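First the structure, in the form of structure tokens, and then the observations on it.
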Ligand SMILES: *C/C=C(C)/C=C/C=C(C)/C=C/C1=C(C)CCCC1(C)C
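Residue numbers (this note's numbering): 262 to 499.
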């Protein structure tokens, strides 16, 4: 028990019972770590052609776990977490784009498709950061970010990648469709969190959602672990 408590201190102080943000950072760290261990350990039990996809799933949750430790400490110290949050996203969201590419590579996806997704996701996050860090009008930069988000949705759901997925059929198509649902529904959680945290045009949202950090933390666990599990499911289905 004592060793366990020491281990917990290694990860940082446990948050107070009424600190919802601190608790969700703590649980988020554990969930991301457990998921990383699961993905890394499953790498060698799947067909060789899916190994890189599983590796990427593990990297996404591992990078998030590390950033969650930083964010939890920053939060505990009363500091701002925005920079850690966006550094995490700017690493993990392009890796999620890589998953779309890897899944559809066999069906003809090219690095051009990958580049479009990565550039669009980078624009989405850089403009979002400008708004959230208070470097410009939050509503306006949020709208720019939203346009890049819609472009990603267009590419995977209606554009060439959707056609490649349809041509692949079977387990690949159904994994692609599930990942699309994560992007369309799961990723939509973030603009809601952004609006909750932004003064200006979006104040009405505050009445419905309590806290931006909690919303982001829940969104991250659903999206990053969920994404990885969809890929895992595809890898063991063959
Ligand atoms: C693991 C982290 C993920 C999947 C993060 C995704 C983040 C977004 C989809 C953020 C989107 C935003 C908008 C569409 C508009 C407002 C600004 C953002 C950056 C919160």
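Don't be surprised by glycine CBs; every beta carbon is placed ideally from N, CA and C.
Note that the structure is a prediction, hence the values are computed from the model and not measured.
Just reading off the alpha helix (DSSP H) that residue 424 is part of, what are its end residues? 421-429
Residue 455 versus residue 403 - alpha carbon distance: 8 Å
Secondary structure at residue 285, three-state DSSP: helix, strand or coil? helix
Comparing alpha-carbon positions, which option in 410, 332, 365 and 405 lies nearest residue 446? 410
In whole angstroms, give me the CA-to-CA distance for residue 270 and residue 371. The pLDDT assigned to residue 270 is 49, lower than 50, so where the model puts this residue is not dependable, and the model offers no usable value.
Whether or not the region 350-358 and the region 329-338 are in contact is what I'm after, with contact meaning three or more pairs of Cβ atoms, one per stretch, closer than 8 Å; do they touch? no
What's the C-alpha gap between residue 490 and residue 476? 21 Å
Using a Cβ-Cβ cutoff of less than 7 Å, which residues in the same chain neighbour residue 478 once the five nearest sequence positions on both sides are dropped? 285, 286 and 289
Using CA atoms only, rank isn't needed, just tell me which of 430, 442 and 400 is closest to residue 418. Among 430, 442 and 400, the Cα nearest to that of residue 418 is on 442.
With distances taken Cα to Cα, identify the nearest neighbour of residue 346 among 488, 497 and 473. 473
Provide the residue span of the alpha helix (DSSP H) that contains residue 478, from first to last. Looking at the DSSP string, the run of the alpha helix (DSSP H) that includes residue 478 is 473-481.
With respect to 6 Å, is the separation between the Cβ of residue 485 and the closest non-hydrogen atom of ligand 1 below this value? yes
Between residue 455 and ligand 1, is the CB less than 6 Å from at least one heavy atom? yes
If you draw a straight line from the C-alpha of residue 367 to the C-alpha of residue 396, how long is it? 42 Å
According to DSSP, is residue 383 part of a helix, a strand, or is it coil? helix
Can we say the region 428-444 touches the region 379-395, given the rule of at least three CB pairs closer than 8 Å? no
Spatial neighbours of residue 351 in its chain, beta-carbon cut-off 6 Å, leaving aside the 5 residues before and after: 386
Quick check for students: name the residue ranges of the alpha helix (DSSP H) that lie wholly in the region 305-340, counting only runs of 4 or more. Here the runs fully enclosed are 312-337.
Just verifying my parser: in three-state terms, what is the DSSP assignment at residue 350? helix
Could you tell me if residue 376 is buried or exposed, where buried requires 16 or more neighbouring beta carbons within 10 angstroms of its beta carbon? In this structure residue 376 is exposed. Its beta-carbon is surrounded by fewer than 16 other beta-carbon atoms within 10 angstroms.
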